[in-house]
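Residue numbers (my numbering): 39 to 240. We treat Cβ as the ideally placed atom computed from N, Cα and C, and that holds for glycine. Here is the structure we will look at, set down as structure tokens.
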């Protein structure tokens with residue numbers, strides 16, 4: 039650890055951790071090391087910096103959250119021993135790797151352009167597949183446009199349709215015994231019976 043002090047603020051929930059961290063870094067020249075989740079719902083805000091700065095930051099954070107139900111405890115460890123760096127090395131290494139990876143991507147715009155191009159190509163291919171498989175609804179229209187030599191509707195075919203489709207067919211039939219209002223509120227069984235009556239008439 040290159041800094042000389044560690045400040046710890048323990049709160050319940052992520053919201054309390056953010057409030058405490060914000061108040062701390064605004065109050066003094068300290069660095070936010072991490073917000074560590076110790077267990078479910080319990081978070082520890084970790085601050086590093088000079089002893090006086092860390093104390094001032096922790097005091098400011100406590101003032102901001104001490105009267106809130108999510109505040110639990112706080113502590114400042116001055117002159118932190120160098121051997122304790124292993125407690126924080128993993129988290130700092132992970133953050134460094136993320137920064138390095140982001141920087142390497144930013145330095146290779148050709149790679150980013152290629153990735154974007156691949157995503158656009160895949161998107162176009164997916165859209166093409168969807169267009170090819172689209173004409174399925176025509177199967178339902180074929181039920182209405184059957185030849186006059188066979189019954190206009192069959193109970194089995196009508197039973198496979200949804201109520202919305204049955205109402206749409208019923209609205210188009212001038213000989214149906216139901217009014218538009220009755221069609222609007224009719225259930226599936228009533229719509230099928232009304233359409234079958236048309237078939238029997240023909």
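Inset, instruction - Could you spell out where the alpha helix (DSSP H) holding residue 77 opens and where it closes? - result: Counting along the chain, residue 77 falls outside any alpha helix (DSSP H), though it belongs to the beta strand (DSSP E) covering 69–77.
Legend entry - Opposing strand residues paired with residue 111 [DSSP bridges]: For residue 111, which the question treats as bridged, DSSP gives the partners 48.
Legend entry - Helix, strand or coil at residue 196 [DSSP, three-state]: DSSP places residue 196 in helix when its eight states are reduced to three.
Inset, instruction - Report yes if the C-beta of residue 112 is less than 7 angstroms from at least one heavy atom of the ligand MN; otherwise report no. - result: In the structure shown, the ligand MN is absent, as is every other ligand, since no ligand is present at all.
Inset, instruction - On a CA-only basis, which of 87, 77, 103 is nearest residue 47? Give me that one, please. - result: Nearest of 87, 77, 103 to residue 47, Cα basis: 103.
Inset, instruction - Could you give the DSSP three-state label for residue 58: helix, strand or coil? - result: Helix.
Inset, instruction - Would you tell me roughly how many angstroms separate the C-alpha atoms of residue 231 and residue 219, rounded to the nearest one? - result: Roughly 17 angstroms separates the two Cα atoms.
Legend entry - residue 205 and residue 233 closer than 8 angstroms at C-beta: In this structure, residue 205 lies away from residue 233, with their beta-carbon atoms at least 8 angstroms apart.
Legend entry - Span of the alpha helix (DSSP H) around residue 204: Where residue 204 is concerned, the enclosing alpha helix (DSSP H) stretches over 201–210.
Legend entry - Alpha carbon of residue 55 to alpha carbon of residue 225, nearest angstrom: Looking at the two C-alpha atoms, the distance is approximately 55 angstroms.
Inset, instruction - Determine the direct distance from the alpha carbon of residue 202 to that of residue 264, and round the result to whole angstroms. - result: The first residue shown for the chain is 39 and the last is 240, placing residue 264 beyond what the model contains.
Inset, instruction - Measure the CB-CB distance between residue 87 and residue 59 and report whether it falls below 8 angstroms. - result: No, these two residues do not count as a Cβ contact at 8 angstroms.
Inset, instruction - For residue 76, count neighbouring Cβ atoms within 10 angstroms of its own Cβ and tell me buried if that reaches 16, exposed if not. - result: Using a 10 angstroms sphere on the CB of residue 76, the tally of other CB atoms stays under 16, which defines it as exposed.
Inset, instruction - In angstroms with no decimal places, state the Cα-to-Cα distance between residue 73 and residue 222. - result: C-alpha separation (whole angstroms): 58 angstroms.
Inset, instruction - Could you tell me the distance, in whole angstroms, from the CA atom of residue 191 to the CA atom of residue 216? - result: Rounded to the nearest whole angstrom, the C-alpha separation of residue 191 and residue 216 is 17 angstroms.
Inset, instruction - Just tell me which of 112, 118, 199 has its CA closest to the CA of residue 49. - result: Ranking 112, 118, 199 by Cα distance to residue 49 puts 112 first.
Inset, instruction - Please go through the same chain and pick out, in chain order, the residues whose beta-carbon is closer than 8 angstroms to the beta-carbon of residue 193, but skip the five residues on each side of it. - result: Hits under 8 angstroms: 230, 234.
Legend entry - Cβ neighbours of residue 208 in the same chain (closer than 6 angstroms, five flanking residues each side left out): Apart from sequence neighbours up to five positions away, the residues of its chain that approach residue 208 with a beta-carbon distance below 6 angstroms are 214, 221, 229, ordered along the chain.
Legend entry - residue 118 (DSSP reduced to helix, strand or coil): Under the three-state reduction of DSSP output, residue 118 falls in the coil class, being neither helix nor strand.
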